[in-house]
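Peer 1: One structure, pasted below without further comment.
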Amino acid sequence: MFRIPAKSKNRRKQPAADAHADAAAAASRAQSLAAAALVLGHGGRTQPREQEQGDNIGDGPAPRGADNIQKTSKRPRRLGGEGIGGAGAQSTQAAATYVKMSDREVDARVLAPEKLFHEQLQAQAKALGAVGHDALRTSYRSVDEYIRTFVPPLLEEAREGIRREFQEAAEQARAVKACVVHSTKHVLPTGDCHASWAKVTARTNAPTNLDRGSVVVVTSHLPPTRGMDSVVSWVASMRSKHQDAFFIYAGFCDANVLGSHGDVPVRLCVADEVGKEAPPGLALNSTCYVLHGGPLATLRREMQALQDVSRLKSPFLEALLRPTATTRSSGAGSPPELPLYDQFREKFEPMFNAPQLEALTSAACAADYFHARFSSFNSNYNSQIAVGSYMPERFSLIRGPPGTGKSHCVWGLINVLHTVQFQRYHANLHRTLLRIDVAARERAAAASGQEEMMDSLTSVTQQQKPRLLVCAPSNAAIDELVSRVAQRGFVDNTGRQYFPVIARVGGQNAALSQTASEVAVETRVNRFLSFTEQQCHERWMWLQAECDRLDLRMKLIYEELRRRIVDDVHDRSAIGGAVDTPPSPSLGFVATETVETPSSPPFSPIGKSARPIFSPHKESPDAASPPDDNARAAAPAPAPAAAADVATRKQEPDPFFGVFTKDQLVMEFFQAYQSKDRYVTESKQLFLLKGRWTVGFDEQRCHDQLEALIMDNAEVVFTTLSMSSKRSFQYLNLEFKTVVIDEAGQCTEVAALQPLQYGCEHCICVGDPMQLAATVLSRSALVQRSGFERSLFERLQKGMGDDAVHMLSVQYRMHPSIREFPSRHFYHDRLTDGERVMQAAQLEAMSRRPYQIDPAYGPLRFFNVSGKEQRGAPGNSLGNDVEASVVASLVVAVLVSAAPGTKVAAITPYRRQKRLVEDTCRRFLLARLNGLRMQIELLRSRGIVKEEAPSLEKVASMCEEHLSNLSVNTVDAFQGKEADVVVISCVRSMIGRRNIPPPPPDDEECAPAVESAIGFLADTRRMNVALTRAKHSLWVCGHAPTLELYGGPSWRAFLNHTKTARCFVEDGGTYVGRSIGEQQQQQQQHAVAALRR
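Note that the sequence shown covers residues 1 to 1093 in the UniProt record's numbering.
Spelled out as structure tokens, the structure:
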């Protein structure tokens, strides 16, 4: 264990054929991109711009390396440089060097009306067409080329987000009528962002909720609540109809307007060039409508990470731009075993299967190489590194198909990384502490030795203390990992449980779990901000006293250690022994701490509800003491005279710490040192807080610095990708050399760049490209041709080769009948069933579950339903009433017949169908329960039974109890979740459609990013997610002819599979209705018989 198998050696290779193919493809792309840029009318940027102060997010301090930004002259110009691929009309070789844009210039490029609401631009972009994933590039020749590829689609995606927010606000009738009470006569150019801005104050006649800095859209005409195909087409029709009387502009709200009437100050981008007058539509007393357009914070963070990609460390940047194919084979390049002890292996290995162990071991070895290259802990490890026999890749890829324990594997990976790093950290602290100058005892200034040693310990703490940054695209994914670490803890090198210091950054606007809230940085900062001045002063004084006490304790321990080491040196010199005192092996694995118990402080920011995770580590009560120091016993027997002298000195009593061994003294010193380190960190926080009671206090800056201090003290920081660009990260005085990105297939490549900007040396991407990708709103060719919606995981997998990916192949979720098709069609038949899945399948074969009594309700079924699709709110989404009724019938039948606690889910790709299924399920369930109640009342009135029927309130309560086991959601929202029974509603049907498109060719695969006749239902990744959520039963409802003609090879293969396996029900609606009716009748008869008894 913890040695990569012989086949797992990494070696770079680049076939010559691939290089020629890439060159030809690049030349072809350059021509097409140049032509596309000419069609769109965008020129390349040739005039550089001076970098202004405050361009970073929130006007915080500039990131590292800000001095390297070019400073050149300002020159107003039209907004340009957004051709596809960012190359404008020039080729890549001739393009000018990319110049970083400020936040204000980014805002102008997004909000300029010529770009945000321009119909001709959108039509021309769509006319260019899209390219398949196989045609997308995998490497980039330069940083400029990389940035220019992603900047245009990133801006276009932000525009599409504003359009969607505007359309949704219009459909929900959230437009607020207002009157312009103040407007600038002329537009105000701001700095050098090359756009025209007008300051307007609109007085609303209804309550309005707008946050400062959020995007608002101001228009002269009220947008319709229904019938709006797209915002761009509506704007074009209004301009054609009303000419100059119509206007629509986007900008920012300049104040917080929370549920009140009054003035709304906004800054509107009215043109993409300076020097124009304010449009007449913004004159005083003119009427307008204000709608919410969403925030741009995500765009700014991703744009900053993209434009700062050149600041990544050179070897890591090279691997990012040009991933090369790797081969895993036997050879001398296999890494040495990680320094983990047998106690750890015995406790840790049984928790994982073989593919999981191989994946996390390979990733941990690669990450540990870059973290501990200069560590002196393991000489064998460093010798192999020195001769260059092991050179891992900068990226590790772990692929986790559904149900294979991906989150569990990530927990184990973090455990191994943290344990190994803490082992080396403590070993280096131990060596530093025992590196005492023998001559220091003879010097008068003996205290100088302690000062030098304390400086060395501080340096070790700052440079080698475990630092891990763990990210995921969503709050739900990151909170799942936080809960696992906070509740289960880690396994240390002795096989005992311990809890690392963790911090959860961000999520203050999300519904965090209780565990995540307790370790959230925001929660802990708010505790500090709730201090009164008196509490702050009392806590400060107590911390100073404790630091003085710990200083004295460390001084006494140091003096005793120095005395013993000097005695050892003299003893060994007298007997001819070695002068070295190697550290005891036990100290290498000390990853736990006994917390100091001083007198109770007057006030604590943690409070009585503190959990073990708030302290650096908490040791188990029965933890064994370190073994005795046996260095002297191992020495050769002394000469008679020298032995007598040594015996005389040993009989002298040791002052104060005389009962402790040397290793125990080291442990005492470590505990005092780490306690003081915590107190010093808290003192810094209180020092910042004391500024609240002074003039000119900046609360936001203090808040960010408090967050940074908490993160600086943490060993594992959890956050979402977006929050990893939060301003508080700019105040950190440390680097995260290892970054773990969970669900790496669900984020765009630009989003994945954000956590890599803090000194990353190795990145571990965990995900599954065959499941849902990032949600990209824009269907423009600007987005599709650039590969913007493709994940970093997917590009690296294509560049490095499938052999570089470690796949988790044992699944523990699906019944074998459900697993068979996804494994064969999506994963090349590599998925196998875990032991517990096989056991559960055998039990089901002997005794079927209550909802599987009828043969039509087995583990896998497809019900052919002839319904009609319809569009409607929300968001002009699709629904199918007939299909919703069939799905609800199946769901209700399971809820009333299954054992208590059986989890049922109904999922669909469309939001409108989700609402239909929810309403229909509730209606059907109430009707069924009321029918049973009425039948009991009838039987009681005839004297057949004496039992009273349940009241209407009781029926409603029973309905809610059943519905608590039901989850109705979209496929996208249900990714990462599971249920005992899953019913899928496909919705799409060509029945009743006027314009039926011709079916695609049989050999054409419906790519996930390409719209087809059935929309994104043809996305194979969405289909894979839907088919892999069920544990025991999976029932699919859809119109088989539509899926067979327009669903592409994946849906056709699934239909053929269900027919071959005899799981296909031809007339699904009729069959379900008949069988449900029979089942309902049988249940009522059983209920009556029970009442009679």
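Heads up, the beta-carbon is just placed ideally off N, CA and C, and yes, glycines get one too.
Since the model is a prediction, treat every value here as computed from it, not as a measurement.
(1) Of all the options A781, H537, Q167, which has the alpha carbon lying nearest to the alpha carbon of S685?
(2) Could you say which of F490, K662, A956 lies nearest to I557 if we only look at CA atoms?
(3) Is the region 479 to 488 touching the region 508 to 522 in the sense that three or more CB pairs, one from each, lie closer than 8 angstroms?
(4) Just mark L284 as buried or exposed, buried being the case when its beta carbon has 16 or more other beta carbons within 10 Å.
(5) Given a threshold of 16 other Cβ atoms within 10 Å of its Cβ, counted over all protein chains shown, does M800 qualify as buried or as exposed?
(6) If you reduce the DSSP assignment to three classes, tell me which class P153 lands in.
(7) Please list the terminal residues of the continuous alpha helix (DSSP H) segment that includes S823.
(8) Comparing alpha-carbon positions, which option in S314, I162, C1063 lies nearest G251?
(9) Taking just the CA atoms, how far does T149 sit from S786?
(10) Could you give the distance in angstroms between the alpha-carbon of N353 and the alpha-carbon of W411?
(11) From what residue to what residue does the beta strand (DSSP E) around P900 run?
(12) I need the DSSP call for H118, collapsed to helix, strand or coil.
(13) Looking only at DSSP bridge pairs, what is G1069 linked to?
(14) Just to check my reading of the structure: V971 and I1014 have Cβ atoms closer than 8 angstroms, yes? What is that Cβ distance to the nearest angstrom?
(15) Tell me where the alpha helix (DSSP H) around K676 begins and ends.
(16) Whose CA, out of D144, M238, A744, lies closest to the CA of D308?
(17) Take L1043 and list the residues in its own chain whose beta-carbon comes closer than 7 angstroms to its own, dropping the five residues that flank it on each side.
(18) Closest to N205 by C-alpha separation, out of D229, C179, S967, T184, would be which residue?
(19) Let's test the definition: count the other Cβ atoms within 10 Å of the Cβ of S941 and tell me whether it reaches 16, buried, or not, exposed.
(20) Who does G879 pair with in a DSSP beta bridge?
(21) List the DSSP bridge partners of I984.
(22) So the candidates are T720, M554, C763; which of them puts its Cα closest to the Cα of Q674?
(23) What are the boundary residues of the beta strand (DSSP E) that K199 is part of?
(24) Would you say the region 196 to 216 touches the region 243 to 263, given that touching needs at least three Cβ pairs under 8 angstroms?
(25) Give the DSSP-derived three-state secondary structure of K737 in the structure shown.
(26) One question on the structure: do L321 and Y498 come within less than 8 angstroms of each other, judged by their Cβ atoms?
(27) Could you tell me if S775 is buried or exposed, where buried requires 16 or more neighbouring beta carbons within 10 angstroms of its beta carbon?
(28) Spatial neighbours of V892 within its chain, please: C-beta separation below 7 angstroms, excluding the five flanking residues on both sides.
(29) According to DSSP, what are the bridge partners of K465?
(30) Opposite A520 in the DSSP bridges: which residues?
(31) Between the alpha carbons of E835 and Q746, how many angstroms are there, rounded?
(32) For V971, does the three-state DSSP call read helix, strand or coil?
(33) When you compare only the Cα positions, how much space is there between L1034 and T1020?
(34) With DSSP run on the structure shown, which of helix, strand or coil describes M1023?
(35) Do R1022 and P909 have their beta-carbon atoms positioned less than 8 angstroms apart in this structure?
(36) Return the chain-ordered list of same chain residues with a C-beta closer than 8 angstroms to the C-beta of Y679, the five sequence neighbours on each side being excluded.
Peer 2: Reading it off the structure:
(1) It is Gln, not Ser, that sits at residue 685 in the sequence shown. Checked all of A781, H537, Q167; the closest Cα to Q685 is H537.
(2) Among F490, K662, A956, the Cα nearest to that of I557 belongs to K662.
(3) Inter-segment contact for the region 508 to 522 and the region 479 to 488 is present: three or more beta-carbon pairs are separated by less than 8 angstroms.
(4) Under this definition L284 is an exposed residue.
(5) Burial of M800 is indicated by the presence of at least 16 other C-beta atoms within 10 angstroms of its C-beta.
(6) Helix, per DSSP.
(7) Looking at the DSSP string, the run of the alpha helix (DSSP H) that includes S823 is 816 to 826.
(8) Checked all of S314, I162, C1063; the closest Cα to G251 is I162.
(9) Looking at the two C-alpha atoms, the distance is approximately 6 angstroms.
(10) If you take the alpha carbons of N353 and W411, they lie about 14 angstroms apart.
(11) It is not in any beta strand (DSSP E) - P900 carries neither H nor E in the DSSP assignment.
(12) Residue state, collapsed to three classes: coil.
(13) DSSP lists no bridge partner for G1069.
(14) The pair is not a contact, with the Cβ atoms about 14 angstroms apart (cut-off 8 angstroms).
(15) 662 to 689 is the span of the alpha helix (DSSP H), which, as asked, contains K676.
(16) Of the listed residues, the one whose Cα sits closest to D308 is D144.
(17) Result list for L1043: C986, W1051, L1055, in chain order.
(18) Nearest C-alpha to N205: C179.
(19) Burial call: exposed.
(20) DSSP output for G879 lists Q870 as bridge partner(s).
(21) Paired residues: I907, V1036.
(22) Per the Cα distances, M554.
(23) Start and end: 196 to 210.
(24) Taking 8 angstroms as the limit for Cβ pairs, the verdict is that the region 243 to 263 does touch the region 196 to 216.
(25) DSSP, read as helix, strand or coil, puts K737 in coil.
(26) The Cβ atoms of L321 and Y498 lie no closer than 8 angstroms to each other.
(27) Here residue 775 turns out to be Thr, not Ser, going by the sequence shown. So T775 ends up on the exposed side.
(28) The answer, listed in chain order, is C921, F924, L925, R928.
(29) DSSP, once it has assigned bridges, lists no residue as partnering K465.
(30) BP columns for A520 point to R504.
(31) Their backbone Cα atoms lie some 29 angstroms apart in a straight line.
(32) Three-state result, V971: helix.
(33) In this model, L1034 and T1020 are separated by some 17 angstroms (Cα to Cα).
(34) When DSSP states are grouped into helix, strand and coil, M1023 belongs to the helix group.
(35) In contact: P909 and R1022 (Cβ atoms closer than 8 angstroms).
(36) Closer than 8 angstroms at the Cβ level, and outside the excluded window around Y679, lie L543, E546, C547, L550.
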